[in-house]
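Take a look at the structure below.
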Amino acid sequence: MEQLTALIIQKVPALAVAPWAVTLLLIGIVAFIILQFAMVFAGFGTYLERKIAADIQGRIGPNRVGPIGLLQFLADGIKLILKEDIIPTAADNHLFRMAPYLIFTGSFAAFVVVPFGFSLIAADLNIGIYYVMAVTSLVSIGVLLAGWASNNKWSMLGGMRAAAQIVSYEIPVGMALIPAVLIAGSLSTQDIIRSQGGLLGIFGWNLFHNPFSFFSFFLYMVAALAETNRTPFDIPEAESELVSGYNTEYSGIRFGFFFMAEYADVFVVSALATACFLGGWQIPFFNAASLPPVWANLLSLGVFMAKALALVCVIIWIRWTLPRLRVDQLMRMSWKYMVPLTFFNFLGVSLWVLVFKGKGIPQMIASIFG
Amino acid sequence: MSLKSYINDIWEAVTTTAKGMRITARYGIDVKEEVTIQYPEQRGPVFERFRGFLANDVKTCISCNMCVKICPVDCISLEAVRGADKKMVLVSYDVNIGRCMYCGLCVEVCPPKSLTHTGGFEKSMVARDEMVLHFIHEDAEVIRQRVARQVAEAAAKAAEEAKLAESQPKPAAPAAEPEKK
Ligand code: SF4
Ligand code: SF4
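Just so you know, the sequences run in chain order A and B. Read left to right, the first sequence gives residues 319 to 688 (our numbering). Read left to right, the second sequence gives residues 9 to 189 (our numbering).
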């Protein structure tokens, strides 16, 4: 951001009187673009989800609004905006109003460190992964608040479950991401991606770095699914037992916020998995830095989006395959299986990095053949 | 819980998930399996004994009131007057389909089989009184007056005929007969 500001001021010297204004404007523009992306992705995500679900269940899915139903999300969005925003009389008015914004902010703030491309990142924080973990915890507060403020048994149960679940699964999520951090030696998402480049193509990815990081990817996906409250871990929403869980009492645009947050979360999870294990925006067999900047950015954006969307599809595919877990099963899975396994992986990767000086298996094989 | 069963649990979770995902992927890719009917353009078949909206063929209806009496929820109401030819003439025949539960009793009981179920099931209306199906479209009062007029005419005609018959040499005919013989 500072570099960009300096560049603009260099180009247009008249702006030098108020550099802070330029920075502020830039921040606003970037935030706006990312917000637009999050909203459009939420819409597109619902469309994708419905289409994939329909295919799996032998149906057709949305096909009326626009060509092959592509504009369905606009119709849904307009409907949600036009609906009456009902606030129950018994609800805690202020908390009830605040909860959706907290949840949405928590999901949306994670976009700050999503590395969209070679230099397309809102802010390359040096605590990137840690920041994501911290800021998405805001979601659990929002969910608990929504459940509490609705003054409704189902909402309350859903909120409690969500809080328990998110807190339990935060540990495996963090532990499963640490291998990537260890290998790159940095918490910044851009540094992690840069460490996966090189001329090995897809074998430079952390996924193939060593057996422990390979398993870490899958453990991360499972734990992240639970953290975003997606089926098979959607017990906070559990339609069949809790009506709709913590968002039972919400309607209209506030309900829309919950929805957008869910899909934003799904994208953030996929983006993080891509960045940490699947090589992020690294264009296979090319060094992005050697290309002209415009092409480097466009190509890397394409590569990143392709990988992230593929993961989104996998998440949706899982949702329409597996049934929902029971509360005790969910907790058992977290504390008895996920936590020990991720710790085991963490130790394994640490030892590997220590013993082999950070070299991965493909790299070793490559060095054997010269 | 031994280590063996612990590892076994994990293995089972992984393999069963993979199995399930393979099945859903096969369904997802195979587009031939689609079963959805695009409703307003495509329609499923209407089966022969489907109990849709009621329809009464008012020309064959004999106004026997059987359907009115058997209906458990009182949705049929009819009014009839005796016509000139001694047959009943329907003045109004209304079915309140908002109340009808399509049990089919009225259809079963109808002696001339004039009341039938159609295959129809699509009807949307904005007001409650639109739910009453009228099978006689003429105004009840008009029919009543017309029938009364016809009855009166017929009565007048009958009276005239009777008078004519009286004034004619009515006994003459029987009297003439023996003469012929
Ligand atoms: S179908 Fe049943 S409910 Fe409907 S009018 Fe006939 S007897 Fe009454
Ligand atoms: S039972 Fe049949 S014939 Fe008798 S009044 Fe009803 S519709 Fe007419």
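Virtual Cβ for every residue (Gly too), placed ideally from N, Cα, C.
query: Under 8 Å Cβ to Cβ from Phe359 of chain A, same chain only, skipping five residues before and after it: list those, please.; result: Tyr581, Ala582 and Phe585
query: Are Leu635 of chain A and Ile327 of chain A close, meaning C-beta to C-beta below 9 Å?; result: Note that residue 635 of chain A is Trp in the sequence shown here, rather than Leu. For Trp635 of chain A and Ile327 of chain A, no; Cβs fall outside 9 Å.
query: If we ignore side chains and look at the alpha-carbon of each, how far apart do Thr24 of chain B and Asp17 of chain B end up?; result: 11 Å
query: Nearer than 8 Å: is that true of the beta carbon of Arg377 of chain A relative to any heavy atom of ligand 1?; result: no
query: So is Ile105 of chain B buried or exposed if we call it buried at 16+ other beta carbons inside 10 Å?; result: buried
query: Are the beta-carbon atoms belonging to Leu475 of chain A and Leu560 of chain A less than 9 Å from one another?; result: yes
query: Listed in chain order, which residues of the segment 640 to 659 of chain A have Cβ atoms closer than 7 Å to some Cβ of chain B?; result: Leu640 and Tyr655
query: Out of B:Ala26, B:Ser13 and B:Asn64, point me to the one whose CA is closest to Asp102 of chain B's CA.; result: B:Asn64
query: Could you give the distance in angstroms between the alpha-carbon of Leu438 of chain A and the alpha-carbon of Ala579 of chain A?; result: 22 Å
query: Mind the definition here: the segment 641 to 648 of chain A touches the segment 539 to 550 of chain A only if three or more C-beta pairs lie below 8 Å; say whether that holds.; result: yes
query: Indicate, with yes or no, if ligand 2 has a heavy atom lying under 8 Å from the CB of Asn73 of chain B.; result: yes
query: Could you tell me which whole alpha helix (DSSP H) segments of length 4 or greater appear in the segment 538 to 599 of chain A?; result: 557 to 560 and 570 to 595
query: Nearest-angstrom Cα distance between Val431 of chain A and Leu443 of chain A?; result: 7 Å
query: Is Cys114 of chain B near ligand 2 - that is, is its Cβ less than 8 Å away from at least one heavy atom of it?; result: yes
query: Please state the DSSP three-state secondary structure of Ile683 of chain A.; result: helix
query: For Ile378 of chain A, report the span of its beta strand (DSSP E) as first-last.; result: First-last for Ile378 of chain A: undefined, no H or E at that position.
query: Determine the direct distance from the alpha carbon of Gly435 of chain A to that of Asp509 of chain A, and round the result to whole angstroms.; result: 12 Å
query: Which bits of chain A does Tyr47 of chain B rub up against, with CB to CB less than 8 Å?; result: None at all; the shortest Cβ gap to chain A is about 11 Å.
query: Does Cys118 of chain B pass the burial test, meaning 16 or more other C-beta atoms within 10 Å, or should it be called exposed?; result: buried
query: Between the alpha carbons of Thr407 of chain A and Gly477 of chain A, how many angstroms are there, rounded?; result: 19 Å
query: Which residues in the same chain have their Cβ closer than 6 Å to the Cβ of Ala183 of chain B, if we skip the five residues on either side of it in sequence?; result: Reliability of the predicted coordinates at Ala183 of chain B is poor, the pLDDT of 48 falling under 50, and the value obtained from them is presented with this limitation in mind. Same-chain partners within the cutoff: there are none.
query: Please classify Asp147 of chain B as buried or exposed, where buried requires at least 16 neighbouring CB atoms within 10 angstroms.; result: exposed
query: Show which residues of chain A have a CB atom less than 7 Å away from the CB atom of Thr32 of chain B.; result: Ile374, Trp635, Trp638 and Thr639
query: For Gly28 of chain B, go through chain A and note every residue whose CB falls closer than 7 Å to its CB, in chain order.; result: Thr639 and Leu640
query: Of all the beta strand (DSSP E) runs that stay within the bounds of the segment 100 to 141 of chain B, which reach a length of 3 or more residues?; result: 123 to 125
query: Indicate, with yes or no, if ligand 1 has a heavy atom lying under 8 Å from the CB of Cys69 of chain B.; result: no
query: Distance, Cα to Cα, Phe414 of chain A vs Gly465 of chain A?; result: 9 Å
query: Leaving out five residues before and five after Ser513 of chain A in sequence, what residues of the same chain have Cβ atoms less than 7 Å from its Cβ?; result: Ile501 and Ala502
query: Taking 9 Å as the CB-CB limit, is Thr3 of chain B close to chain A?; result: Nothing can be reported for residue 3 of chain B: it is not among the residues displayed for chain B, which extend from 9 to 189.
query: Confirm the yes/no value for this check: CB of Ile84 of chain B, any heavy atom of ligand 2, distance under 8 Å.; result: yes
query: Is it a yes or a no for the segment 120 to 128 of chain B touching the segment 65 to 78 of chain B, going by three-plus beta-carbon pairs under 8 Å?; result: yes
query: Report the rounded CA-to-CA distance for Gly620 of chain A versus Trp599 of chain A, giving the unit in angstroms.; result: 8 Å
query: Give a single yes or no on whether Leu398 of chain A has its beta carbon closer than 8 Å to a heavy atom of ligand 2.; result: no
query: Can we count Tyr6 of chain B as close to ligand 2, meaning its CB is less than 8 Å from some heavy atom?; result: Nothing about residue 6 of chain B can be read from this structure; chain B reaches only from 9 to 189.
query: Given that Ile370 of chain A touches chain B, what residues does it touch there, using C-beta distances under 8 Å?; result: Gly36
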